[in-house]
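The block underneath contains the structure these notes are about, expressed in structure tokens.
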Amino acid sequence: MGIYRKITSSLRAKLLTMFVILTCLPLIVVGLISYNKSYKVVYTNSKSATMMLSAQLATNIDNVFTDTKKLLELKKDPNVLHFLFSQTSSNLDAREILQTMSSYRQTYQYDSVLNITMINLYGRGISERKGVFQLERNALRNPHFEYLIQHPEAVLNIPPVDPSALAPLDGFQYKKQHIISIVSTVKQRATHEVIGFIIIDVDDSIVKQFCDNVTIGTSGFFYVADNNGNAIFIPSKASNSTKWLQHEDIPTIIKSENKEFIDNTQGKPEFIVTSPSKSTGWNIVGVVPLQEIVEEANSIRQLIIISVLLSIIFAITLHLFVSTRLTRPVRILKNKMQLAASGFLEAKVVLAGTDEIADLGNSFNIMIGKIRMLLDQSIREQQEIQKSDLRALQAQINPHFLYNTLDSILWLAQSEKKDQVVQMVMALSKLFRISLSKGKDLITLEKEIEHLQSYLTIQQMRYRDILDYQIDIDSSLHSLHILKMTLQPIVENALYHGLKNKRGKGLIRITAALEDEDNFLIKVEDNGKGISETRLQELRKDLMEPHVPQVTGNEVSGGFGLHNVHRRIRIYYGEAYGVQINSSEGEGTDVTIRIPCTWG
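Numbering (the working numbering), first residue to last: -6 to 593.
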């Protein structure tokens, strides 16, 4: 509150505050927008680059394996088919097969291929390193061989970490660690029956080199995983990041269409991306801290913050100087006005220059000269205005109603009916608030209904044994404009002159409907004692008169509220609008108000 008072009590402080707000707010907004845009651009570009790198890595691995798998064409060689199909092949057949293998090597120059092996279903095989050899048939009970027999068109890429990888224990004497085995079936041409297998052993460095040579940021890395998310090849820099190798979301993202996600489970957010290798069936998984992806955006953010702060400091310094020069004449004028306000009407302002403040000072001097002459007249006029305002207020709000309401509140309070006291006080408060309406003549029909409900709430609590009411007005009409305090005087007449002296409980019903596109009607009906034909004609005649009936006693006469509303409507909208009344003695009365449609 202390800071707020200092700001609001000083023009200089207001100007400074406004200038700071008008200067800082756009700068801050522009800074935030710039940072947000740059962050999104950097983030999107970095993500795209990471995904492209992952896809390129998968493509490179695919190219290597696709090229290497050309050696599988050996299984179509007639000598190979004869060797695998026959159990009594000669050494000449074996030499021809080895020469064919050597020819393929010279053609394609596969430095990473360590050995080529072919073996039939009886355990008889031939390899570059071992030559012709014989294994026990149990050696072919490896799960990979069993799978290929069931799926003869498949080609398996068996990594060294595979628990069922071909090993010396299977009978393959030439086996080392870090070997990838590419295995395919060999089928007899005529019957397409599986007669053996071809195994190409490849040094796993052809995959590891890609993982080691390709990095993301400072600490990001790529590794190769199978379809279950198990790591196959890990770069050396990821040896301390094994937490990612068992990450529970990796299998899910590998199998989903969305190949990227942000993970927050490891303490710091990490960006993870996967790309499938179509040739191997493996997946390239990239892991990089999100902070490294947006590092460039953070530098931009710091630059924006520094620029905004320097601009704000410069703007405040400049305005302090300017505001001091501009507000000095205002402070002089303020001091003289304070003297005049204290009763010293001899105060005089002397300001140099011809600007608006100097003109204001001259006008102040002239005004002080005239004040003494106009003071008495102003006081008299003010007294007359206060009397007029009081008469207008008395005409709108029945003092007797206010007295009875307050008396009811007192009685309820003494009876400790707190809820009813609160309800009546709130209704009375809303009644007065809407009655004032900030000096407006027109309010919405919705507000007029709220005002009427507040009035009826109070009256129903006072006359609960005689009063019921219904307000049946469609919400589509709520935005129509209406003169304030149009309905309350009509309803008050219905209560005091229709229901109050009737035996039993009565009903007041308020409805509204469009008459046509340009006008609407509001009807106030009651089932009270009604009005005699003679009195009805008198009321209709009074509505045609320009004067308002006189107020008598503590209550308003039956025609005063009606005539007051009628005259106000005709003055504001024209002679075509106003109030009509119909009644049948002993049955009730209805009052129809016709008003032009003015939508809010």
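Glycine included, C-beta positions come from ideal geometry on N, C-alpha and C.
Proximity to residue i [Cα-Cα], best of the options
i, options, result
"residue 282", "265, 556, 445", "265"
"residue 504", "470, 482, 486", "470"
"residue 421", "211, 509, 450, 49", "450"
"residue 497", "74, 563, 459, 268", "459"
"residue 4", "127, 315, 285", "315"
"residue 581", "494, 428, 589", "494"
"residue 137", "119, 209, 128, 150", "150"
"residue 399", "409, 86, 418, 115", "418"
"residue 538", "45, 571, 300, 509", "571"
"residue 516", "584, 567, 461, 592", "584"
"residue 444", "407, 483, 414, 455", "483"
"residue 72", "339, 181, 152", "181"
"residue 52", "211, 274, 129", "274"
"residue 69", "29, 94, 46, 58", "94"
"residue 74", "7, 186, 509, 40", "186"
"residue 534", "153, 18, 559, 510", "559"
"residue 79", "22, 217, 188, 228", "188"
"residue 461", "521, 277, 43, 32", "521"
"residue 555", "480, 337, 564, 513", "480"
"residue 594", "357, 416, 15", "Within the shown structure, residues of the chain are numbered from -6 to 593, placing residue 594 beyond reach of any answer."
"residue 203", "228, 29, 218", "228"
"residue 7", "511, 438, 319", "319"
"residue 511", "98, 569, 366", "569"
"residue 439", "147, 466, 567, 311", "466"
"residue 284", "566, 211, 492", "211"
"residue 336", "347, 368, 269, 492", "368"
Beta-carbon spacing of residue i, residue j below 8 Å
i, j, result
"residue 35", "residue 290", "yes"
"residue 179", "residue 190", "yes"
"residue 362", "residue 326", "no"
"residue 574", "residue 532", "yes"
"residue 507", "residue 591", "no"
"residue 77", "residue 111", "yes"
"residue 125", "residue 87", "yes"
"residue 213", "residue 118", "no"
"residue 359", "residue 475", "no"
"residue 267", "residue 246", "yes"
"residue 428", "residue 478", "yes"
"residue 447", "residue 423", "yes"
"residue 519", "residue 500", "yes"
"residue 301", "residue 24", "yes"
"residue 9", "residue 313", "yes"
"residue 488", "residue 452", "yes"
"residue 255", "residue 13", "no"
"residue 135", "residue 122", "no"
"residue 105", "residue 195", "yes"
"residue 193", "residue 57", "no"
"residue 197", "residue 171", "yes"
"residue 627", "residue 334", "This structure gives no information on residue 627, because the portion of the chain shown stretches from -6 to 593."
"residue 220", "residue 276", "yes"
"residue 305", "residue 17", "yes"
"residue 576", "residue 529", "yes"
Beta-carbon separation (whole angstroms), residue i vs residue j, contact threshold 8 Å
i, j, result
"residue 523", "residue 578", "4 Å"
"residue 271", "residue 55", "6 Å"
"residue 464", "residue 436", "About 16 Å; that fails the 8 Å criterion."
"residue 222", "residue 243", "4 Å"
"residue 114", "residue 128", "Not a contact, Cβ separation roughly 11 Å."
"residue 215", "residue 50", "6 Å"
"residue 40", "residue 253", "7 Å"
"residue 457", "residue 401", "Residue 457 to residue 401, Cβ: 11 Å. No contact."
"residue 226", "residue 201", "5 Å"
"residue 209", "residue 43", "6 Å"
"residue 514", "residue 564", "That belief does not hold up - the Cβ atoms of residue 514 and residue 564 are roughly 19 Å apart, past 8 Å."
Quick one: any contact between the stretch 170 to 184 and the stretch 64 to 72, if contact means 3 or more CB pairs under 8 Å?
yes
Measuring CB atoms only, is the stretch 292 to 308 touching the stretch 326 to 346, in the sense that at least three cross pairs come out at less than 8 Å?
no
List, from N- to C-terminal side, the beta strand (DSSP E) runs of 3 residues or more that fit wholly inside the stretch 464 to 489.
474 to 476
Where are the alpha helix (DSSP H) runs, 4 residues long or more, that stay fully inside the stretch 255 to 325, in chain order?
283 to 286
Uninterrupted alpha helix (DSSP H) stretches inside the stretch 401 to 443 (no shorter than 4 residues):
411 to 429
As an exercise, report each continuous beta strand (DSSP E) stretch of at least 3 residues that is fully enclosed by the stretch 501 to 528, in chain order.
Whole beta strand (DSSP E) segments, 3+ residues: 512 to 519.
Secondary structure, beta strand (DSSP E): runs of 3+ residues fully inside the stretch 164 to 201:
172 to 180, 187 to 196
For the stretch 64 to 138, list the beta strand (DSSP E) runs that are entirely contained and at least 3 residues long, ordered along the chain.
You should have 106 to 113, 117 to 120, 124 to 127.
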